[in-house]
Each structure stands twice: as C-alpha cells, then as structure tokens.
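Chains as they are written, first to last, in our numbering: chain G, 1 to 506; chain Z, 1 to 506.
Note that the Cβ used here is the ideal one computed from N, Cα and C, for glycine as well.
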C-alpha cells in the first residue's frame, strides 16, 4: 500500500521535474528575448515560446497527473502538510485544480484580451485618453469576474484573484493590515512633507559613469551574497530577475548616468530576488519544496536588501569609502550624511515606480482599494479616474493633472493582473517583520553591516525562508519565524525610526 | 485522392515545423551554454538539453510520421523530387529511415562512448599517450562499423558513415577527387617550401587591440552581407555559427591581441556560414526546402568568404585603408603588399586547425585515407600512429615528434565523427568551383571587391545555393550551377593563380 503510494509519488515528482525542464527552457527563451536576441527574431521567438507554453499547459492539466494526485491525497503521505511529501501533494493538487477549473475558452479569451489590452493601454496613456481605455478595461473586469467564479471562493470574489499571486491569503486580512498601515502612514508622510528639512538631491544627479556603476553594483551584489558563479547581471529596459535552473539566476538593471539610485538600488532589489532563488534547495528544483512561497514573500526579499539594508546608514558606513573611489568626481565634497539623506528622500509624488519606500505603500493601497471596488461591482470603470484622483488627494495630498500620470500609469490592469498590487506592500510588511526578527536573533545587524558583514543575514534568510520552499504558507512562515501574525507595526516603526531623525519629526 | 494527399502533406509539414521549434530552443540552450551561462549551471543545462533531445527524437521516429511519409511516397506529390512537395517527402523519408534503422541500444552506446571517448582523448593528448586512447578508439571503430551495417550501403562501408554529413555523396567519388587534388597539391606545397620568398609574419603579431578588432570585424561581416538585425557576434573559446530561427543566426569568434588573423578570418568564416543560414528561405524554416544541403556545401560558403574573398588582394585594396585607421600602430609602415603576402603565408605544418588554405587539404586527405582504412579493417588502431606519421612525411614533408601533435590532435574520432573530415576539403573544392562560376557570371569579381561591392556575390550565392534549400543534392547543385561535376581543377588553379606570383613559382 505505502509502497505503491511511494511509487505514485515518485511518478508525480518526475512529472513535475520534467515540466520544470520545459519551463526553464521557456524562461531562457524569454530572458534571451529581453537581453541579446537580434531585433528581427521576435516573430519566431513568439512561436517558440507559445509552442513550449502549449506543451507545458498539457503537462499541467495531464489527466494522469490528476489521478495520481487524487490517489495520493487520500494516502498517509499527505497527512503532514509540512512534510516533503505532504507539501508536494498539497501544492501540486492546488495547481492542478486551478489549471483544470478554468475552461480553455476563458483562458484563450483572457490571453487575447491581455495582449490587446496592453496595446490599447499604451496608446491611451500616450494620448492621455482614459475613454479609449475604458471599454477594454470593462471587458477585462468582466472576464476576471468570470475567472474568479470559475476558480471559486467562499468569502469575497477578490479572494479568488488574490490567491493567484499570494496563495492562501485572504482579502479581509490584507485589508485589515493595509488599512492600519494607511492610517499610520498618511500622517507620517504628511509630517515629512511639512518638515523644513530636505536632502540635497543634486548629489545623486551628477555624472556617474556607467562602467563604474556596473563594477560597483556587482561588487555590492556579490558582497550581500548574490552568487555570480550561479548568476549573471545584464542590461534591459525593464529590470527583472529570472531563474533558469537551480544554479542559474539572472538579474538585469538599467543604467542612468545622471541618476545614481536607479541602477544601484535596482541591482540590490533584483539581487534580493536572486538571493531567494539561489537559496531555494537545488535538489528540489521543479518541486513545490523547491519553489518560492508567494509574490509577497519574494518581494519581501528584494525590498529588504534594497531598502532596509541598502538604504541604511550602516550599509553606507561600509560602502561609502569605496563609492567615493568609484565616483571620485560625483561624490567630491558630499558627506556620508548628505548622501545618506539624499537616498532616503521621502515626498508625495504621482508615479508609483518612482516613489520612495514610505509613500510607495500609499500608491499600492489606492490601487488595492480601487481594484476591489471594480471587481466587486462597487465602482464603475467610468468613475475610476475620479475615484483615483480623490484617493491621491486624500492619502498623499496631491492629485494628478492628467490621467496619463494618474489612473493610466500602470500596465497591470490592462494585462489582467488584478490582485497583484497588494503583494508589493505585503512584501514591505513581511520584510519589516522578518528584519526586526533577524535583528533580534542575530543581535544587532547594523554593527555587522558597518563592518561589511551581510552574510549572517543572508544565511538567516536562507535557513528560515528560502530553504523551506513551499512547505509553509506565507502566513505560517510569518507566524513561525516571528511568533506573531502579519502586523503593520514593524514596518511603521522601521520607517519612523529611520525617517524621524532625518526629518526632525516624531 | 490528391486532396487527401495534400492534407497528409500539410500534417507532415506541421509536424516538421513543430519539431524545428523544439530543435531551435535546444540550439538556444547550447548557444547560451557556450556564451553567457553562469559556470555552475552546467549540470542542469545538460538535463535540459537531454530532455529536449529526447522529445525531438520521439518526434523524428514518430510512427505516424512514418505512415504519412509512406503514403506520400506513393503519391503524385512525390513524383518530381525537386518540387517543394517532392523535396519535402524525399528528405523527410530519408531522415525518418535513418533514425528508425538504428537500434536504440546502439544509439545509447554510441552516445555514452562519445562522452567517454572525448574524456579519455583529452587526457591522452595531454599526456601524449596514444596507448591510453587506443582501446576506446577500437571500441568506437567497432560501434561505427555496427552503425554502418545497420544503416546499410551498397558499395563500401564508409559510404554509410559519409552519408550522415554529405548526403548522397559516395566514397569512390570523394576518393577520386581528393586523390587528384593530393597529387597536384603536394608538388605545389613542396615548391612553395623551397621558394626563397617568404612574408614578414611579424606584421600580424603586433598589438591589435581587441575592441578595434571587434569593430573592424563586425564592419567587414556586415559589408559582405551578414545581417546583424537578424544575427549576433559573441565571444567563445571555440568559434561557431548556429541558427536559432529564420531571423536569428549567431556567430562567435575568439580574439588574440597579438595575432590579427585568428579573429578576423574567423569572423569572415563564421559570417560565411551565417550568410548561408540567413539566405535559406525563411518561410520554409524547419522544412527540407529551408535547410542546408550538406556540411560540404555549408563549408563551401565559409571558406569562400574567408579565403577566396577575404584573403584576396582586391578585398584588401578596399579594406586596407580602414584597417590602417583601426590599427594605426600595428600597421605603421606595413605596405598593402606586405600585409597581403603575410595573410597568405603557406608552409607545411603539423596542426590542421592552424594550417593555411593550401596545406589544409593535405591534412584532411591524410585523415580521410586513414579513417577509411580503419573502418574497412585495413588498418589496426595499434598501427595508426605509424601510418599517420608516414603520410605526413609523404604528403607534407614533415613528421610530428609527438603523437599529441600528430594522431592525437583532433577530437573527431573520439566523438565518433568518422566520415566528417572530407567535408572540409569538399567545402574548399565546391567553393573554388562555385567561385569560378560566379566570377564568370558576374563578370570580374575582383574589380567589384576592390570597390567594396560584395553583395553581388552574396546575392548570386543566395539565388543559386541558399534559396533552393535541399531541393538538389550537393552533386546536382554543382552540376546545375557550373555545368560540370565536382572537379579538383578549379581549386588547384585558384591556389596556383594566387600563390604562384607570391612565391615566384610556376
């Protein structure tokens, strides 16, 4: 009996590993498309990717897989959901159920509309013409509602969509935490906006030669624990991190000679993602026990290295001397304190992707609240721009003069990514809660950073978060590691602790 | 009847195109492995490649494909072997028959032995120890004999192996042409060795900065007609050309700051291969009508651009002024004539891959003669080093002091590549015969080259050789284009015409 269950489990694992061989080949096709592919090769590349996607989809919905998993779900192997076997069975069933619940016609319609939606959105943003975008957004909302109904939910419809990006998380819980965050954050941002202190941003806008940025950025990424023996850094217009195998994690960045932070903190951010991927257990590659937990947990790793580590004073106590050597002209006469204040500039702004680490969360909360209203039918698409502008006024104290810099700024909704936005702020929340715990467990991270010691934190993350793969849900991880459920206080305290002294408030 | 044949043909074409999607994805995995893959990613990359190779093999030996092709072979669509349908049916049947004739056990044994053979060969060459290599070579010869028997042949056993690289070509014909070439070439090489003239090779060994070599090499490749909008040039230890799609042809080179010819002529060589790939009809990609004819025909394109074009005086009449601008220090005081003589240095040497375009063919003829004797059982492996050294004395007037620089120098036999060597010289022979014809058809290529006009030749090759794909065999192509069968005289006359004046002979 157990023998036969074991052999079924082995078949399932082999099936998953083979699927991962195809998926990682597809990822390489996509990485290459964004880095080195010759310009005229795009049409055939799309055919290659679509063909592999078809093979992968067949495997994900393979009936034999469904039968094996149904057998295993009833077996003793599934009893402990945190064991290797239990995790594998639970997570693969989850995936199989989701993939087979959606009618093929709906999947195709969503894919087509996502392609068209992005095209329409690009033109609408360019022409600052929300009315041109509205019909396709209405169709997308309707299709996503159908998708949610097909997937099913118990509490609210948004749950079904959120679950695609933040598995097992519930809307009510995210709403609770983000509302508390909003209520504490808005006054802090307001106080900063009214402070009479502000950094010399001009320091960051001097000339930082690209090749020196690359060398310096790579050194920093390597120092915090990203392995270049099992990874690469290349240049793309939109930075990203991708995982092409257990020893093959590739990150990208974009250099701006006249603005130091964009490439440098971009590299730390992507390296943070990459360190997570490199920390997943290699011998479980392709299995749930070797996969990341959720987008929020992934983002917690990138945000922690980018912000809590990379924008800390201790980090720059160690790195500033070498920064001065790398950029002698730009940093001539700029003190460590001036530089540190400049990279921690906080101010209400209109564009999410350019926002600082504090106001960023308000941008997210606005989108999270609006997309819930849209999907639940409480807000008409026609009323969206007005609602958008009202929330910006309310939470950030400013309002966009044009929809192009307002409701039209993000690609997500046009591509059908609804339920995705909150994972960015969940990332910040998880990061603060984990970072606080790591600081306690390791006894003072700042002193270590000031000495260039980043591997203790990397190894703590590896052991606590990376190594378990999907054995625990995000909520379980937070509870297990910090002894408490998800809470907004660590993030708000971290922000107050850093920004209060800089801006002379609190 | 015809309707149903047409629909079967469409299925077959769709099948072939889908196989090509997988094959080109596999090629990208291999290109990436040799260019940008992180060092530790090799093990998983091998798994990815092996998995795709398995899927591809399943498709190549798919019984439905065999049944479709058997139906089509009897249909009117197959009547004209040079029509699109006829070519497709003939060539796919050829491939299917070959793949299904070999027992799976033999294929696996050959794959395993090729891996082990190369490992043993690396060590044996390093230690100059032929005895360590002999047992694995004996096993390889035995397996290749089994392979040849399984594939079948009518005239001689070597035919079955040659056919893998030079389809439809026969050993007797290659022997005839290469023997005639050898008999005319050996005295020419002898006369050159005895000439009292020789070039100043030191010109080529000055400092040629790598970035200037890259810019200059790319300009030359673009000028002769390689498209960088549908291709790339990267750096690898062993240069190669690979085709990842109808608009995606990638070449590589290796730079030696202290030896100009290695990268530059390497780039022209690989660009020649690339121009062939880029000239194949894009809408037939994945079908025989969109594939190269044979290794010999492929090599004819690379050799023509590298040697007949790239080492011509007319080519340098056009390029030398820009070369002097690119390398002002290195070419200071070197005249065009001195430079031209230096890049056409001919002298007997021991190592094939470093040989000039004249003596190169004698290296090949030696290997061709020896591997026939081995596979036909006329030469024992134990006697191979002696036979090798004797032929080098006889044809080139020199003999290797060590087996490492003699019989152990090439990887081919260790990897089971028997029947491959002659395609290098066939490439030179085809190139000379085509080039002679192009010169007649286009009325004086040299004057055009001197003006920087290379596209007339590129377009002639495209129309005559690239565009037909596999509609004609190599022998048919040669006959159709030049009005004669393959002949050694155009090559020997080309060599005499160039080298005679340089060395003051003939």
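- At a cut-off of 8 Å between C-beta atoms, residue 501(Z) does not count as an interface residue with respect to chain G.
- By the Cβ-count criterion, residue 329(G) is exposed, with fewer than 16 other Cβ atoms from all chains shown falling within 10 Å of its own Cβ.
- Not a single C-beta of chain G is nearer than 8 Å to the C-beta of residue 279(Z).
- Of the candidates 428(Z), 322(Z), 297(Z), the residue whose Cα lies closest to the Cα of residue 477(Z) is 297(Z).
- For residue 185(Z), the closest alpha carbon among the candidates 490(Z), 438(Z), 208(Z) is that of 490(Z).
- For residue 232(Z), the enclosing beta strand (DSSP E) stretches over residues 231 to 235.
- Here the alpha carbon of residue 138(G) sits roughly 58 Å from the alpha carbon of residue 299(Z).
- In the assembly as shown, residue 436(G) is a buried residue. Its beta-carbon has 16 or more other beta-carbons within 10 Å.
- Taking 8 Å as the CB threshold, residue 295(G) stays off the interface with chain Z.
- Closest option to residue 132(Z), judged by alpha-carbon separation, among 182(Z), 13(Z), 408(Z), 115(Z): 408(Z).
- Residue contact with chain G for residue 37(Z): present (Cβ-Cβ distance below 8 Å to some residue of chain G).
- Exclusion of the five residues before and after residue 473(G) leaves 168 as the residues of its chain whose Cβ lies within less than 6 Å of its Cβ.
- Excluding residues up to 5 positions away in sequence, nothing lies with its Cβ nearer than 8 Å to the Cβ of residue 335(Z) in the same chain.
- The C-alpha of residue 484(Z) lies about 59 Å from the C-alpha of residue 210(G).
- Not a single C-beta of chain Z is nearer than 8 Å to the C-beta of residue 23(G).
- When DSSP states are grouped into helix, strand and coil, residue 296(Z) belongs to the helix group.
- Restricting attention to 237(G), 343(G), 247(G), the CA atom closest to the CA of residue 254(G) is found in 237(G).
- Residue 100(Z) places its beta carbon 8 Å or farther from that of residue 56(Z).
- Chain Z places a beta carbon closer than 8 Å to that of residue 45(G), counting this residue as a contact.
- As for any alpha helix (DSSP H) of minimum length 4 sitting wholly inside the region 69 to 109 of chain Z, the runs are 84 to 101, ordered along the chain.
- Annotation: residue 443(G) is outside any alpha helix (DSSP H) and is labelled neither H nor E by DSSP.
- Closer than 9 Å at the C-beta level to chain Z, one finds these residues of the region 216 to 237 of chain G: 227, 228, 229, 230, 231, 232, 234.
- The C-alpha of residue 421(Z) is placed about 33 Å away from the C-alpha of residue 206(Z).
- Taking 8 Å as the cut-off, the beta carbon of residue 456(G) is found closer than this to the beta carbon of residue 448(G).
- Three or more Cβ pairs closer than 8 Å define a contact, and the region 355 to 367 of chain Z meets that threshold against the region 388 to 401 of chain Z.
- The continuous beta strand (DSSP E) containing residue 244(G) extends over residues 241 to 245.
- Taking a beta-carbon distance threshold of 8 Å, residue 287(Z) does not count as an interface residue toward chain G.
- The region 381 to 393 of chain G and the region 91 to 105 of chain G do not touch, with fewer than 3 CB-CB distances between them shorter than 8 Å.
- Residue 125(G) and residue 404(G) do touch by the CB rule: their CB atoms are close to 5 Å apart, below 8 Å.
- Interface annotation for the region 389 to 419 of chain Z against chain G: empty, criterion Cβ-Cβ distance under 7 Å.
- In the structure shown, the three-state DSSP call for residue 251(Z) is strand.
- Measuring C-alpha to C-alpha distances from residue 226(G) to each of 38(Z), 350(Z), 141(Z) identifies 38(Z) as the nearest.
- Residue state for residue 166(Z) is assigned as coil, using DSSP reduced to three classes.
- Spanning the alpha carbons of residue 373(Z) and residue 416(Z) requires a straight line of approximately 15 Å.
- Per DSSP, residue 322(Z) is one residue of the alpha helix (DSSP H) stretching across 313 to 326.
- In terms of Cβ geometry, residue 43(Z) and residue 28(G) do not form a close pair [threshold 8 Å].
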